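Residue numbers (the working numbering): 289 to 496.
Let me begin by presenting the structure, written as structure tokens, before commenting on it.
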Amino acid sequence: MLDSPPPHSKDINPDEWLSAYDYELPEDRIAQVPVVPRDRSKLLVVGRLLHQHRIFQDLPQLLQPGDLLVLNNTRVIPARLLGRKVPTFGSEAHSVSVEVFLLEPRGEGYWLALVKPGRRLKPGAKIEFGEPHSLLLHAEVIETDEATRGRILKFETSPNLDFDRAIAKLGQVPLPPYIQSHEAEPEQYQTVFAVAPGAVAAPTAGLH
């Protein structure tokens, strides 16, 4: 797919230009925090002949016998971790700040993650998380994942602390860059029916 129409491009389908999908989105149309109460959020009902603007409070009235309602009940985990690369002999004289974004578990103690700065985090590199006097979590880069260009990390926690509790203390709920408000509590970036931990992206589409 092309970024923009090349010269003499009359014979190329306009849908193949990325620029064909650009559009203006005013900042005041991007919800920064969820509506309160949550069931007052907007609901677009799409029918064969008629579209309606409703709110989620109306959903029970709209469902008919035989309808199937599918809920994604995963909870967002604090998947964004800020740490430091441990200096090694002959490398950096000082620790380097590191950002780790957890993507998915790859076995007991192992995670696929995106890391920054990637060029500094080659196999064998070690990362520590927490205050220098109270390190709660350590990770070692095992290998590069070719499909994602992320890293396979092996995590170890401090004694008497499991991984879930460690990231609960250290991690942040990952939010997209267009969410700039810090007014909402972390729980507000979960769906009201979130139960099972595992999602790594906040359901910001539900903030409407």
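Note that the Cβ used here is the ideal one computed from N, Cα and C, for glycine as well.
These numbers come from a predicted model, not from an experiment.
Inter-residue Cα distance where the pair is HIS486 and PHE389: Per the sequence presented here, residue 486 reads as Gly, with His not at that position. Looking at the two C-alpha atoms, the distance is approximately 13 Å.
Residue burial classification, ARG453 (beta-carbon count within 10 angstroms, cutoff 16): exposed
At least three beta-carbon pairs within less than 8 Å, the region 421-433 to the region 471-482: no
Start and end residues, beta strand (DSSP E) containing PRO485: 484-487
According to DSSP, residues forming a beta bridge with GLU444: HIS426
Nearest neighbour of GLU387, chosen from GLU396, GLY395, ARG368 and ILE318 [CA to CA]: ARG368
DSSP-derived helix/strand/coil call for GLY335: coil
The beta strand (DSSP E) enclosing PHE417, as first and last residue numbers: 414-419
Length of the line joining the Cα atoms of PRO383 and PRO411: The sequence shown places Ser at residue 383, rather than the Pro named in the question. For SER383 and PRO411, the distance between alpha carbons rounds to 17 Å.
Residue closest to PRO393, alpha-carbon to alpha-carbon, out of GLY406, PRO375 and ILE365: ILE365
Cβ shell of VAL358 (< 7 Å), same chain only, five flanking positions each side left out: none
Beta bridge counterpart(s) of PRO393 as assigned by DSSP: TRP399
Bridge-paired residues (DSSP) for ILE365: Looking at the DSSP assignment, ILE365 forms no beta bridge with any residue, so it has no partner.
Cβ shell of GLU416 (< 7 Å), same chain only, five flanking positions each side left out: GLY371, ARG372, VAL374, LEU423 and HIS426
Residues that ILE343 bridges to, as DSSP identifies them: LYS330
Cα-Cα separation, ALA489 to LYS404: 18 Å
Distance, LEU458 Cα to ASP450 Cα: 12 Å
Under 8 Å between C-beta atoms of VAL480 and ARG363: no
Chain-order list of residues whose beta-carbon lies under 7 Å from that of ARG408 (same chain, five-residue window excluded): LYS373 and VAL384
Local conformation of ARG437 per DSSP, three classes: coil
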